[in-house]
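Q:
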Amino acid sequence: MAATAASRVVWVNGPIVVGAGPAGLSVAACLRDRGVPSVVLDRADCVASLWQRRTYDRLRLHLPRSFCELPGMPFPDDYPEYPTKRQFVDYLERYAARAGVEPRFNTAVTSARYDAAAGLWRVAAEDVVSGEVTEYIGRWLVVATGENAECVIPKFEGHEEFAGPVSHVSEYKSGEAFRGKRVLVVGCGNSGMEVCLDLCDHNALPAMVVRDSVHVLPREMLGVATFSVAVFLLRFLPLWLVDKILVLLARLFLGDLEKLGIRRPSRGPLDLKNSRGRTPVLDIGALARIRSGDIEVIPGIKRLCRRGAELVDGRVVDADAVIMATGYHSNVPQWLKGSDFFTPEGYPRVPFPDGWKGESGLYTVGFTRRGLSGVSADAVKVAQDIAMAWEQQTSSSR
Numbered sequence: 216m217a218a219t220a221a222s223r224v225v226w227v228n229g230p231i232v233v234g235a236g237p238a239g240l241s242v243a244a245c246l247r248d249r250g251v252p253s254v255v256l257d258r259a260d261c262v263a264s265l266w267q268r269r270t271y272d273r274l275r276l277h278l279p280r281s282f283c284e285l286p287g288m289p290f291p292d293d294y295p296e297y298p299t300k301r302q303f304v305d306y307l308e309r310y311a312a313r314a315g316v317e318p319r320f321n322t323a324v325t326s327a328r329y330d331a332a333a334g335l336w337r338v339a340a341e342d343v344v345s346g347e348v349t350e351y352i353g354r355w356l357v358v359a360t361g362e363n364a365e366c367v368i369p370k371f372e373g374h375e376e377f378a379g380p381v382s383h384v385s386e387y388k389s390g391e392a393f394r395g396k397r398v399l400v401v402g403c404g405n406s407g408m409e410v411c412l413d414l415c416d417h418n419a420l421p422a423m424v425v426r427d428s429v430h431v432l433p434r435e436m437l438g439v440a441t442f443s444v445a446v447f448l449l450r451f452l453p454l455w456l457v458d459k460i461l462v463l464l465a466r467l468f469l470g471d472l473e474k475l476g477i478r479r480p481s482r483g484p485l486d487l488k489n490s491r492g493r494t495p496v497l498d499i500g501a502l503a504r505i506r507s508g509d510i511e512v513i514p515g516i517k518r519l520c521r522r523g524a525e526l527v528d529g530r531v532v533d534a535d536a537v538i539m540a541t542g543y544h545s546n547v548p549q550w551l552k553g554s555d556f557f558t559p560e561g562y563p564r565v566p567f568p569d570g571w572k573g574e575s576g577l578y579t580v581g582f583t584r585r586g587l588s589g590v591s592a593d594a595v596k597v598a599q600d601i602a603m604a605w606e607q608q609t610s611s612s613r
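216 is the number of the first residue of the sequence shown in the working numbering; add one for each residue after it.
#1: On the DSSP letters alone, give me the boundaries of the alpha helix (DSSP H) that Met423 sits inside.
#2: Consult DSSP for Trp605 and reduce its assignment to one of helix, strand or coil.
#3: Three-state secondary structure (DSSP) at Ala594?
#4: What do you get for Asn405, buried or exposed, if any count of 16 or more other CB atoms within 10 angstroms of its CB means buried?
#5: With a threshold of 16 other CB atoms inside 10 Å of the CB of Met216, please say whether the residue is buried or exposed.
#6: Going by the beta-carbon positions, is the gap between Phe567 and Asn489 smaller than 8 Å?
#7: Identify whether Lys388 lies in helix, strand or coil by the three-state DSSP scheme.
#8: Look up His544 in the DSSP assignment and give the residues it is bridged to.
#9: For Glu606, does the count of other Cβ atoms within 10 angstroms reach 16, so buried, or fall short, so exposed?
#10: Counting Cβ pairs, one atom from each stretch, are 3 or more of them under 8 Å apart for the segment 400-415 and the segment 262-273?
#11: If you count every other CB in all the chains shown that lies within 10 Å of the CB of Asp413, and 16 or more means buried, which is it?
#12: Using a 10 Å radius around the Cβ and a threshold of 16 neighbouring Cβ atoms, would you call Phe582 buried or exposed?
#13: Based on the DSSP output, what are the partners of Thr383 in its beta bridges?
#14: In whole angstroms, what separates the C-alpha of Glu473 from that of Cys411?
#15: Does any C-beta atom of chain B lie closer than 8 Å to the C-beta of Glu409?
#16: Please name the residue, chosen from Ser575, Gly483 and Ala534, that lies closest to Gly553 on a Cα-to-Cα basis.
#17: Can you give the Cα-Cα distance for Ser545 and Val343, rounded to whole angstroms?
#18: Taking all protein chains shown into account, do 16 or more other C-beta atoms lie within 10 angstroms of the C-beta of Leu587, making it buried, or fewer, making it exposed?
#19: Can you list, in chain order, the stretches of the alpha helix (DSSP H) that have 4 or more residues and sit fully within the segment 270-336?
#20: Grouping DSSP H, G and I as helix and E and B as strand, with all else coil, what is Pro484?
#21: What number of angstroms, rounded off, separates the C-alpha of Ser326 from the C-alpha of Val547?
#22: From the DSSP output, in three-state form, read off Thr353 for me.
#23: Give the secondary structure of Asp509 by DSSP, where H, G and I count as helix, E and B as strand, and everything else as coil.
#24: Just confirm the distance between the C-beta atoms of Ala243 and Val316, as a whole number of angstroms; I'd bet it's less than 8 Å.
#25: Our contact map puts Glu296 next to Pro318 with C-beta atoms below 8 Å; I'd like the distance itself, whole angstroms only.
#26: As a quick exercise: from Val532, Ile510 and Val590, pick the residue whose alpha carbon is nearest that of Lys517.
#27: Assuming Pro237 contacts Val590 (C-beta within less than 8 Å), just tell me the rounded distance between them.
#28: What residue from Leu475, Glu308, Ala445 and Phe451 has the CA that sits closest to Leu463's CA?
#29: Roughly how many angstroms separate the alpha carbons of Met603 and Gly250, rounded to a whole number?
#30: Note down the Cα distance separating Ser443 from Lys572, rounded to an integer number of angstroms.
#31: Just the C-alpha distance for Tyr562 and Ser264, rounded to the nearest angstrom, thanks.
#32: Are the CB atoms of Trp226 and Ile368 within a distance shorter than 8 Å?
#33: Can you tell me whether Ser253 is buried or exposed, with buried defined as 16 or more other CB within 10 angstroms of its CB?
#34: Thinking just about the alpha-carbon of each residue, which of Gly229, Gly508 and Val537 is nearest to the one in Cys520?
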């Protein structure tokens, strides 16, 4: 289908930033600190729409707040060690206001292409309310849509036959709607574990579908955050040895999880996080509910049937609803054209720590698979690099 012609053209005297989540806000704030203007575009109607619109009510930051602060603004002193969803959203809104970052909301980028003849980026964006298309033109493009732009929703045989609702975890708010119901939760990551725990708290009957091996670590060990322990050890020891220590400590604190139907991968938790983006689960109580029998652990689904599911081991289980806690993926390949900097899966081809800068003024923030601390580090580097080029260009044009 032919691209819709732009009804207006806007020159951006600075970078065009796509995404108004933590990544986009932090890079725009860092740029502003250096006197560089920018335009931030986002298809949603608010900052951090993933957090505001597509997360469950009980969500908290999984890591201590000191690892989740954006550049230039610490969390308030009265915030707990693990801020709530609402507290984090409030923090992001105050961060944007303090930095003077005013994203253009309801603006969905449909294509971004580098015009080599002009030496400029051309970004087409559609107003999701009016349908008007605007072309933004500038020397730099910052991709800040992150790793969680689109839902991953696997299709099971018999999907249409199943009588109950099938939804993604992005639609889940609380277990109140599932009180007394049997719920299959597909996925055993942090979201899957927490949703099962929340369902238990609302007297539902969850069964967690564990298809793959997964690392489960205690969120804290003797009052110290496991992540803090890992960061400290990495200052002195190689990653492979830190992984071995973490697995040993997890077995000591959590016991043998294979007895519960949860297998550990052969590769270590930090190795898998860095190489494949597979985040270890930080247990906040789900394992205790599995041991008590409140959460049933079952193997993969072979097919859905009218009143439940047939499992890969031949058993048939009853279910009133299915929740897909199957994660998200990048959507960059859908709109970034003419560049091979990203893989077909939507991640920079250049490995960490150099994946933040491409060619021809292309930058990325939030694709390091290192959470909010990685976002902050990227934002600082990108802003510094663009500021140097911006100052050179503005001084030469005087």
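All C-beta atoms, glycine included, are put in the ideal place defined by N, C-alpha and C. All values reported here derive from a predicted model rather than from experimental measurement.
A: Let me lay it out:
#1: From DSSP, Met423 is part of no alpha helix (DSSP H) but of the beta strand (DSSP E) over Leu420 to Val424.
#2: Helix.
#3: helix
#4: buried
#5: Residue placement at Met216 is poorly supported in this model, since its pLDDT is 40, which falls under 50; the coordinates are not used for a value here.
#6: yes
#7: In the structure shown, Lys388 sits in coil (DSSP, three-state: anything other than H, G, I, E or B).
#8: Glu365
#9: exposed
#10: Between the segment 400-415 and the segment 262-273, the count of C-beta pairs closer than 8 Å reaches three or more; the two stretches touch.
#11: buried
#12: buried
#13: Residue identity check: residue 383 is His in the sequence provided, not Thr. In the DSSP output, where bridge partners are listed per residue, His383 has Met539.
#14: Between Glu473 and Cys411, the C-alpha separation is close to 19 Å.
#15: The structure shown has no chain B; it contains just one protein chain.
#16: Ser575
#17: 20 Å
#18: buried
#19: 300-314
#20: helix
#21: 10 Å
#22: Looking at the sequence shown, residue 353 is not Thr but Gly. DSSP places Gly353 in strand when its eight states are reduced to three.
#23: coil
#24: 4 Å
#25: Actually they are not in contact, since the Cβ atoms of Glu296 and Pro318 sit about 29 Å apart, beyond 8 Å.
#26: Distance from the Cα of Lys517 is smallest, within the candidate group Val532, Ile510 and Val590, for Val532.
#27: 5 Å
#28: Ala445
#29: 11 Å
#30: 28 Å
#31: 21 Å
#32: no
#33: buried
#34: The alpha carbon of Cys520 has as its nearest neighbour, out of Gly229, Gly508 and Val537, the alpha carbon of Val537.
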